[in-house]
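A.B. asks: In my numbering, the protein residues as written are 109 to 585. All C-beta atoms in this analysis are idealised placements derived from N, C-alpha and C, irrespective of residue type, glycine included. Structure provided below as structure tokens; questions to follow.
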Amino acid sequence: MKKTFVDNFLWGGAVAAHQFEGAYQEGGKGLSIADFMTLGSHETPRELTDAIEADKYYPNHLASDFYHHYQEDIKLMAEMGFKAFRTSIAWTRIFPNGDETEPNEAGLAFYDRVFDELLKNGIQPVITLSHFEMPINLVKKYGGWSNRKLIDLFTHFAYVCFDRYHEKVKYWMTFNEINNQTNYLSDLSVYENSGIKFSPEISPAEKEQLMYQAAHYELVASAKAVQIAHTIDPTLQVGCMLAFCPIYPASSKPEDILFAQRAMDTRLYFGDVHVNGYYPNWLKAYFEEKGIKLDITPEDLTILQKGTVDYIAFSYYMSFMAEYTDHDDYREYQDLRPNPHVKANDWGWQIDPIGLRYSLTWMMNRWHKPLFIVENGLGAYDELTTDHQVHDQYRIEYLRNHIEQMKKAVVEDGVDLLGYLPWGCIDLVSASTGEMKKRYGFVYVDADDYGKGSMKRYPKDSFYWYQKVIANNGSDL
Ligand code: P53
109 MKKTFVDNFL WGGAVAAHQF EGAYQEGGKG LSIADFMTLG SHETPRELTD
159 AIEADKYYPN HLASDFYHHY QEDIKLMAEM GFKAFRTSIA WTRIFPNGDE
209 TEPNEAGLAF YDRVFDELLK NGIQPVITLS HFEMPINLVK KYGGWSNRKL
259 IDLFTHFAYV CFDRYHEKVK YWMTFNEINN QTNYLSDLSV YENSGIKFSP
309 EISPAEKEQL MYQAAHYELV ASAKAVQIAH TIDPTLQVGC MLAFCPIYPA
359 SSKPEDILFA QRAMDTRLYF GDVHVNGYYP NWLKAYFEEK GIKLDITPED
409 LTILQKGTVD YIAFSYYMSF MAEYTDHDDY REYQDLRPNP HVKANDWGWQ
459 IDPIGLRYSL TWMMNRWHKP LFIVENGLGA YDELTTDHQV HDQYRIEYLR
509 NHIEQMKKAV VEDGVDLLGY LPWGCIDLVS ASTGEMKKRY GFVYVDADDY
559 GKGSMKRYPK DSFYWYQKVI ANNGSDL
């Protein structure tokens, strides 16, 4: 019989605080950037307002109300057999304004309750420190990650979390999908990653420079956090977290091949710095050619070198395809094309299970560190029947096809994979659109895009399917 996954393979699911917890003003929580993001849709981008406006709807305020449902939700996870659950710590629960010296005890106590409940149910918490939210005060007062000061503020937050929870949490991640901001013309991506709001006058070249600067400060902050964690407790495992969307060449034309390679390098240099501890040569040459001048000190370079990550966590939803036209540098906002060989979901995300195996082996061969799939899944419209069922065969298909490829990567390619934590295991608010109806969960949450509904939880068909997959450790899909 063929081998399958290791016995302690971390099957489970993932969420993020701002998309799931709600209770945006309880327990002394401060306002975060996510509290200023309105409801959007596939066609209409979310607005990033300066104040909370009475006539607009802000879906993250209520989200799935995990804050008041955590016991019930964890029970459902335990019923599925989860071994691990990924969530994030809302920075604003611990430091409401981000620049206090002393943490907010009520916020710390909330995560103690959640972690204790998980551990009691045999589920390991897997924690992201910064998942698309930071105190709004840091945006208004310091300009978000455009300011070097954020390094100290973030590492203080990280220190407090490691110190408080190191006995309960072994796996940590610093910045969620740090490479989403590669698309520096997307206001939403740069805001979510770095808390930077571009003024309308700013040029694309200035946006690019700002993005690379913010990313540098984040990479330094991450490397510092790795060192802090290891000093507090050498058994802690701290990873980076990348949005991994492989980019295929549009054809076998050498120009396309070289261009797709540059596209991958551009999206994934973040991983190179996290893992290798230094900037790749091509990027240094690119900065010079483009006249991009960054504040990078010799001390920063030492910190990067000393704070390399223990493992690589990543999300996988889709693959991209790029075509060479007339420029050698990859511009994410204009160079991607639809791939005729794969289908897309209702939001245009191109579904490509084989791309997951490609991604796993690509990373193994480039970085030689353990890998951890901390997001994967299908955003889809679900229908709740009158007897409270959801027949989500399409979701089962998506997950089955991806797990099959993940299994090949482990069994046939020898990838060192820590676990599989599909996204939005209980329905939550979409990051890109703010919709509730773009659902990923094994559990349906009865709320519409405006948070109207009973908030009751109903297991979908995929719940029972995933329960079986975990029980047989992926040997029968
Ligand atoms: P939603 C873009 C591309 C790939 C992953 O996304 C992305 C994004 C930004 O939305 O985000 C991750 O909710 C992210 C989660 C997010 C999830 O993917 O837009 O880490 O916070 O919810 C799914 O469908």
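1. Looking at residue 119: is its Cβ nearer than 7 angstroms to the Cβ of residue 578?
2. Answer with buried or exposed for residue 583, where buried requires no fewer than 16 other C-beta atoms within 10 angstroms of its C-beta.
3. Decide if residue 308 is buried, meaning its Cβ has at least 16 other Cβ atoms within 10 Å, or exposed.
4. Exposed or buried, residue 109, counting other C-beta atoms within 10 Å across all chains shown (16 or more means buried)?
5. Contact check, residue 193 vs residue 231 under 8 angstroms by CB: the rounded distance?
6. Please indicate yes or no: does the CB of residue 285 lie closer than 6 angstroms to some heavy atom of the ligand P53?
7. Only counting the same chain, and skipping five residues up and downstream in sequence, which positions put a Cβ closer than 7 angstroms to that of residue 321?
8. Let me check you understand the geometry: is the CB of residue 425 closer than 6 angstroms to at least one non-hydrogen atom of the ligand P53?
9. In whole angstroms, what is the alpha-carbon distance linking residue 463 and residue 502?
10. What does the alpha-carbon distance come out to for the pair residue 145 and residue 293?
11. Buried or exposed: which applies to residue 568, given that a residue is buried once 16 or more other Cβ atoms fall within 10 Å of its Cβ?
12. Can you say whether residue 366 is buried or exposed, counting buried as having 16 or more other CB atoms within 10 angstroms of its CB?
13. Out of 417, 356 and 163, which one is the CA nearest neighbour of residue 347?
14. Can you tell me whether residue 546 sits near the ligand P53, meaning its C-beta is under 6 angstroms from at least one heavy atom of the ligand?
15. Residue 472: which of 522, 196 and 186 sits nearest, CA to CA?
16. Return the chain-ordered list of same chain residues with a C-beta closer than 6 angstroms to the C-beta of residue 238, the five sequence neighbours on each side being excluded.
17. Tell me whether residue 124 counts as near the ligand P53, meaning its Cβ is closer than 6 angstroms to at least one heavy atom of that ligand.
18. Determine the DSSP secondary structure at residue 488, reduced to helix, strand or coil.
C.D. replies: Taking the geometry as given:
1. yes
2. exposed
3. exposed
4. Here residue 109 scores only 42 on pLDDT, less than 50, and its place in the model is too uncertain to base an answer on.
5. 5 angstroms
6. yes
7. 254, 402 and 403
8. yes
9. 18 angstroms
10. 18 angstroms
11. buried
12. exposed
13. 417
14. yes
15. 522
16. 283
17. yes
18. strand
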